[in-house]
Amino acid sequence: MDVKFVNILSHELRSPLTTVQTSAEILDHLLSSDIVDTSIMKKHARQIMDEVADMAQLLEKVLVMSRLENTQTGFSPTIADPVTFLEEVLDRPFVCGRYSQKVDFGIKGEHRPALIDPFMLTHIVNGLLDNAFKYSRNKENTVAPRLRLSFEASHWRIMVRDTGIGIKSADKTRLFRSFSRGSNVGHIQGTGLGLEIIKYFVRCHKGAIQLKSIEGKGTVVVVDLPY
Ligand SMILES: Nc1ncnc2c1ncn2[C@@H]1O[C@H](COP(=O)(O)OP(=O)(O)OP(=O)(O)O)[C@@H](O)[C@H]1O
Ligand SMILES: [Mg+2]
1368 MDVKFVNILS
1378 HELRSPLTTV
1388 QTSAEILDHL
1398 LSSDIVDTSI
1408 MKKHARQIMD
1418 EVADMAQLLE
1428 KVLVMSRLEN
1438 TQTGFSPTIA
1448 DPVTFLEEVL
1458 DRPFVCGRYS
1468 QKVDFGIKGE
1478 HRPALIDPFM
1488 LTHIVNGLLD
1498 NAFKYSRNKE
1508 NTVAPRLRLS
1518 FEASHWRIMV
1528 RDTGIGIKSA
1538 DKTRLFRSFS
1548 RGSNVGHIQG
1558 TGLGLEIIKY
1568 FVRCHKGAIQ
1578 LKSIEGKGTV
1588 VVVDLPY
């Protein structure tokens, strides 16, 4: 892990740690005084829990990043059926359980087995669906994210489409870099590591990833993978 990355990481941790510290101090103060205001206590307890959850997510991603640099635990593919694989990913509550809408899943073409690293592909699909849900949340009239699996002659394809906030053209090229986030995200939480990791995993499979988006209209991410 390079020095720049560690610097950014410690910077990213400083702000949630400060919030946790402040909320804990306020709770401590309230508990040792006569003021009984449960709503304010609840608010600070919630703040601590939210920030801790975010930090845990950040650390999880950093673990994945360091795993990428450890060649011993790198790409380890097996032959699997992409249809069953994606159905299983959708069944697990990791991403989809957090949102009330269901992913609209469709399959095209004749099913074929493919070379899949289960850890990496799970991460790719969950990361793209997480973005599709997360960046649609605050916008009205959004429909559930679409996940399409298609089998072509030379490759198979995963496509994730949403009708969310989209991405400004000026931001598009830099989103695959560490900690890089779009300028229109507002209060939507994120570390800016997801796409960089996804791109790395796609490359491990010798695949390609493309992102197309129109600000205010939605985003589509296409991942092409060899069999
Ligand atoms: N489907 C999408 N719709 C709109 N913006 C998106 C979408 N996917 C990615 N982005 C933009 O690209 C940025 C980088 O995405 P990435 O997944 O790497 O990070 P993140 O979602 O901010 O955080 P995390 O590391 O938790 O995934 C996001 O912050 C957002 O600005
Ligand atoms: Mg993300």
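Quick note on the numbering used here: the sequence shown kicks off at 1368 and runs consecutively. Just so it is clear, CB atoms sit at the ideal spot from N, CA and C, and this is done for glycine as well.
| Asked | Found |
| --- | --- |
| Taking the beta strand (DSSP E) that residue 1591 falls in, what are its first and last residues? | 1585–1592 |
| Buried or exposed for residue 1503, please, with buried defined as at least 16 other CB atoms from any protein chain shown within 10 angstroms of its CB. | buried |
| If the criterion is Cβ atoms closer than 8 Å, does the pair residue 1519 and residue 1476 meet it? | yes |
| Suppose you measure from the CA of residue 1354 to the CA of residue 1375; what does that come to, to the nearest Å? | Only positions 1368 to 1594 of the chain appear in the structure, and residue 1354 is not among them; the question remains open. |
| Nearer than 7 Å: is that true of the beta carbon of residue 1505 relative to any heavy atom of ligand 2? | no |
| Beta-carbon within less than 6 Å of residue 1559's beta-carbon, same chain only, minus the 5 sequence neighbours each way: which residues are those? | 1546, 1547, 1548 |
| Just to confirm the assignment, what range does the beta strand (DSSP E) spanning residue 1517 have? | 1513–1518 |
| Between the stretch 1550–1558 and the stretch 1475–1491, are three or more C-beta pairs nearer than 8 Å? | no |
| Classify residue 1506 as helix, strand or coil using the three-state DSSP reduction. | coil |
| Do you know whose CA, among 1491, 1541, 1386, 1509, lies nearest residue 1525's CA? | 1491 |
| Taking 7 Å as the line, does the beta carbon of residue 1557 fall inside it for any heavy atom of ligand 2? | yes |
| Whole angstroms are fine: how far does the CA of residue 1487 sit from the CA of residue 1406? | 42 Å |
| What I want to know is whether the C-beta of residue 1547 ends up closer than 7 Å to one or more non-hydrogen atoms of ligand 1. | yes |
| Which residues mark the beginning and the end of the alpha helix (DSSP H) in which residue 1494 is found? | 1485–1501 |
| Terminal residues of the continuous beta strand (DSSP E) containing residue 1524? | 1523–1529 |
| Go through its chain and collect everything with a Cβ distance to residue 1584's Cβ below 8 Å, but skip five positions before and after it. | 1530, 1533 |
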